[in-house]
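Engineer:
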């Protein structure tokens, strides 16, 4: 049987309660096979984030974890797990160290641009689009993929803040 508390202690070397006391707003842990659960500090409910995720999914934007359920207490969302996703921030470190070829990084940025265009076409702005909220990986058939995560501050509206954050990669946004 899966022991969530043991998993969290092993993965993060401290329980979720301690992570919240250290100032973390949320934590993502395994839930059941193929899913993860995002839990927040009790002062920060997830109803808005879940509603945005559902709206995006229903609008056809699937470059994100599939939302499955908002728990009754409103403090956790169950969503599909993204296997082998690496934050763009970590990828940048590897590119700067010369461990990932620049042509591959350019290809990944081309995919990121397509994902952002699809996202903004839904009428939403992410509003927290930093390099740790963009995951890079491969899908089940080996194609490069880019996923957006953490929609807690996303709203319908002008994506100018997102574009400002992404100009370090794209001059023409």
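Residue numbers (the UniProt record's numbering): 1 to 173.
Ideal placement from N, C-alpha and C gives every residue a C-beta, glycine not left out.
Predicted model only: the values in this text are computed from it and were never measured.
Below 8 Å on the Cβ atoms is my guess for residue 131 versus residue 87; work out the distance and round it to an integer in Å.
Structural biologist: On the chain shown, residue 131 is found 131 positions in, with the first residue counted as 1. On the chain shown, residue 87 is found 87 positions in, with the first residue counted as 1. Indeed they touch by this definition, with Cβ atoms about 6 Å apart.
Engineer: Could you check which residue in 164, 91, 48 has the C-alpha nearest to that of residue 136?
Structural biologist: As a working note, residue 136 is residue 136 in the chain shown. Taking only the C-alpha atoms, the option nearest residue 136 is 91.
Engineer: Grab me the residues of residue 111's own chain with a C-beta within less than 8 Å of its C-beta, minus the 5 sequence neighbours each way, in chain order.
Structural biologist: Within the chain shown, residue 111 is the residue found at index 111, counting from 1. Cβ within range, chain order: 144, 145, 146.
Engineer: For residue 161, collect the residues of the same chain with a Cβ closer than 6 Å to its Cβ; drop the 5 residues on either side in sequence, then sort them by chain order.
Structural biologist: As a position in the chain shown, residue 161 is number 161, starting the count at 1. The answer, listed in chain order, is 127.
Engineer: Tell me the DSSP secondary structure of residue 141 in three-state form.
Structural biologist: In the chain shown, counting from the first residue as 1, residue 141 sits at position 141. Note: residue 141 maps to coil in three-state DSSP.
Engineer: For the candidate residues 63, 52, 50, 54, whose alpha-carbon lies nearest to that of residue 139?
Structural biologist: Along the chain shown, one-based indexing puts residue 139 at 139. Looking at the Cα atoms, 63 is the closest of the given residues.
Engineer: Per DSSP, what kind of secondary structure is residue 164 in: helix, strand or coil?
Structural biologist: Position 164 of the chain shown holds residue 164. Correct three-state label for residue 164: helix.
Engineer: Note down the Cα distance separating residue 75 from residue 46, rounded to an integer number of angstroms.
Structural biologist: Residue 75 sits at position 75 when you count from the first residue of the chain shown. Residue 46 sits at position 46 when you count from the first residue of the chain shown. So the alpha carbons of these two residues sit roughly 6 Å apart.
Engineer: Need the endpoints of the alpha helix (DSSP H) that residue 53 sits in, please.
Structural biologist: For the purposes of this step, residue 53 is identified with residue 53 of the chain shown, where counting begins at 1. Its alpha helix (DSSP H) spans residues 47-58.
Engineer: Within its chain, find whatever has a CB closer than 8 Å to the CB of residue 65; leave out the 5 residues flanking it on each side and keep chain order.
Structural biologist: Your numbering for residue 65 matches position 65 in the chain shown. If we look at residue 65 and ignore the five residues flanking it on each side, its Cβ neighbours are 36, 53, 79, 80, 81, 82, 147, 149.
Engineer: Pick from 129, 73, 142: whose alpha carbon is nearest that of residue 168?
Structural biologist: Taking the first residue of the chain shown as 1, we reach residue 168 at position 168. Checked all of 129, 73, 142; the closest Cα to residue 168 is 129.
Engineer: Considering only the beta carbon of each residue, do residue 122 and residue 59 sit closer than 8 Å?
Structural biologist: As a position in the chain shown, residue 122 is number 122, starting the count at 1. As a position in the chain shown, residue 59 is number 59, starting the count at 1. Taking 8 Å as the Cβ cut-off, residue 122 and residue 59 qualify as a contacting pair.
Engineer: Label residue 170 either buried or exposed according to how many other C-beta atoms from any shown protein chain fall within 10 Å of its C-beta, with 16 as the threshold for buried.
Structural biologist: Counting from one through the chain shown, the residue named residue 170 turns up at place 170. Under this definition residue 170 is an exposed residue.
Engineer: Between the Cα of residue 118 and the Cα atoms of 73, 164, 159, which residue gives the shortest distance?
Structural biologist: Stepping through the chain shown from its first residue, residue 118 is reached at position 118. The shortest Cα separation from residue 118 among 73, 164, 159 belongs to 159.
Engineer: Here's the rule: buried if 16 or more other CB atoms are within 10 angstroms of the residue's CB, otherwise exposed. What is residue 23?
Structural biologist: The count along the chain shown starts at 1 and reaches residue 23 at position 23. Its pLDDT being 49, under 50, residue 23 is placed unreliably in this model, and the coordinates cannot settle the point.
Engineer: May I ask you to list the residues that DSSP assigns as paired with residue 124?
Structural biologist: Position 124 of the chain shown, counting from 1, holds the residue named residue 124. According to DSSP, which records beta bridges pairwise, residue 124 is partnered with 156.
Engineer: Bridge partners of residue 86, per DSSP?
Structural biologist: Mapped onto the chain shown, residue 86 falls at position 86. Per DSSP, 136.
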